[in-house]
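Q: I'd like to ask you about the structure that follows.
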Amino acid sequence: MNQIALPLEWPEDPRDDAFLVTPSNARAAQLLEHWGTWPVRAALLTGPRRSGRSLLARIFAAKSGGTIIDDADRVSETGLFHAWNRAQAERRPLVMVADVAPPVWRIALPDLRSRLAATPHAEIGPPDDALLRALFERQLARRGVVAPPDVLDWLVARLERSHLAVERSIDALDEEVMERQKRLTIPLARTSLIEAGLLPPQQETP
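When you number the sequence shown by UniProt numbering, it's gap-free, plus one each residue, and the end is 206.
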């Protein structure tokens, strides 16, 4: 697993200092890291919310001096059209971030539709096992919770493959550990996640 480190002068929360790269998001990371190879001065980045897509886009902007349009599918078509053209004229790379790719947007403006069709696109997929494990380990550690290897294995084997599920699970585990003042174990994790509605009760047995 690799990390794309943020520039030293990055002004955001210093805890958000790296974008974890695994096969589930490697193509997106590579596309934004090598903006100089794009056929046009724009790219599309799609993926579910909470997937790190905005962090990756901000890293791109900090490194390239480029611009970002978040929720691009909600921007007016004329606004997006002019932003795309401006990126070409100014030779300043643009990343458009959205939940899904343009074919789902039902674009009415033909000129915008053709430009987006020529724009390289990468999607951040659901987290794979490597990313799930890394996210749990890093985010729990930031909250002062030690996640033993057997607990990490158990979590990765059972949880839904979604970034939102990971985020909610971390909140639930952190709260349970703090309330009980105990270390994180499989029984504690099982109880916490079932109570939070993140695991079905039938998974109570190992």
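Yeah, the Cβ is synthetic: ideal placement off N, Cα and C, and Gly gets one too.
#1: Only counting the same chain, and skipping five residues up and downstream in sequence, which positions put a Cβ closer than 7 Å to that of S54?
#2: For Q3, name the three-state secondary structure that DSSP assigns.
#3: Specify the secondary structure class of H121 as computed by DSSP and reduced to three states.
#4: Which term fits R58, buried or exposed, when burial requires 16 or more other beta carbons within 10 angstroms of its beta carbon?
#5: With burial defined as no fewer than 16 other Cβ atoms inside 10 Å of the residue's Cβ, what is the status of G66: buried or exposed?
#6: Report, in whole angstroms, the separation of the C-beta atoms of A43 and P120, which I expect to be a contact under 8 Å.
#7: Classify H163 as buried or exposed, calling it buried when 16 or more other Cβ atoms lie within 10 Å of its own Cβ.
#8: Any idea what DSSP makes of L184, helix, strand or coil?
#9: Could you give the C-beta distance for F19 and A26, rounded to a whole number, given that I count them as a contact under 8 Å?
#10: Suppose the cutoff is 7 Å on Cβ atoms and the five residues either side in sequence are ignored; what does the same chain contact list for A147 look like?
#11: Kindly indicate which residue of W105, E160 and A189 has the alpha-carbon position closest to the one of E77.
#12: Beta-carbon separation of P23 and D128 under 8 Å?
#13: Give the list of continuous alpha helix (DSSP H) stretches no shorter than 4 residues that lie fully inside the UniProt domain "Hda lid" (134-193).
#14: Would you decide whether D153 is buried or exposed? Buried here means 16 or more other CB atoms lie within 10 Å of its CB.
#15: Can you tell me which of the three DSSP states L20 falls into?
#16: Do you know whose CA, among A165, G144, P149 and F81, lies nearest Q181's CA?
#17: Between the alpha carbons of D16 and A196, how many angstroms are there, rounded?
#18: Look at the alpha carbon of V151 and the alpha carbon of F60, and state the distance between them as a whole number of angstroms.
A: Considering the structure as presented:
#1: What you label residue 54 is simply residue 54 of the sequence shown in a count that begins at 1. Closer than 7 Å at the Cβ level, and outside the excluded window around S54, lie D70 and V97.
#2: Taking the first residue of the sequence shown as position 1, residue 3 is located at position 3. Any reading at Q3 must be qualified, since the residue scores a pLDDT of 47, below 50, and its modelled position is unreliable; the value itself is stated next. Of the three classes helix, strand and coil, the one that applies to Q3 here is strand, per DSSP.
#3: Here the question's residue 121 lines up with position 121 in the sequence shown. The answer is strand: DSSP assigns H121 an E or B state.
#4: In the sequence shown, counting from the first residue as 1, residue 58 sits at position 58. Its Cβ being crowded by 16 or more others within 10 Å, R58 is buried.
#5: Residue 66 sits at position 66 when you count from the first residue of the sequence shown. Label assigned to G66: buried.
#6: For the purposes of this step, residue 43 is identified with residue 43 of the sequence shown, where counting begins at 1. For the purposes of this step, residue 120 is identified with residue 120 of the sequence shown, where counting begins at 1. About 5 Å separates the two Cβ atoms, so the contact holds.
#7: What you label residue 163 is simply residue 163 of the sequence shown in a count that begins at 1. That one is buried.
#8: Here the question's residue 184 lines up with position 184 in the sequence shown. Here L184 sits in coil by DSSP.
#9: Taking the sequence shown and counting its residues from 1, the one referred to as residue 19 is at position 19. Taking the sequence shown and counting its residues from 1, the one referred to as residue 26 is at position 26. About 11 Å; that fails the 8 Å criterion.
#10: By 1-based counting over the sequence shown, the position of residue 147 is 147. Closer than 7 Å at the Cβ level, and outside the excluded window around A147, lie F136, E137, L140 and L184.
#11: To locate residue 77, count along the sequence shown from 1; it is residue 77. Of the candidates W105, E160 and A189, the one whose C-alpha sits nearest the C-alpha of E77 is W105.
#12: Within the sequence shown, numbered from 1, the residue matching residue 23 stands at position 23. Within the sequence shown, numbered from 1, the residue matching residue 128 stands at position 128. Cβ distance < 8 Å, so P23 and D128 count as in contact.
#13: 149-158 and 163-180
#14: In the sequence shown, counting from the first residue as 1, residue 153 sits at position 153. The residue in question, D153, is exposed, as its Cβ has fewer than 16 Cβ neighbours within 10 Å.
#15: Here the question's residue 20 lines up with position 20 in the sequence shown. The answer is strand: DSSP assigns L20 an E or B state.
#16: Stepping through the sequence shown from its first residue, residue 181 is reached at position 181. Nearest neighbour of Q181 by Cα position, chosen from A165, G144, P149 and F81, turns out to be G144.
#17: Here residue 16 corresponds to residue number 16 of the sequence shown, with the count starting at 1. Here residue 196 corresponds to residue number 196 of the sequence shown, with the count starting at 1. Any reading at D16 is ruled out, since the residue's pLDDT is 47, under 50, leaving its predicted position unreliable.
#18: Taking the sequence shown and counting its residues from 1, the one referred to as residue 151 is at position 151. Taking the sequence shown and counting its residues from 1, the one referred to as residue 60 is at position 60. The C-alpha of F60 is placed about 34 Å away from the C-alpha of V151.
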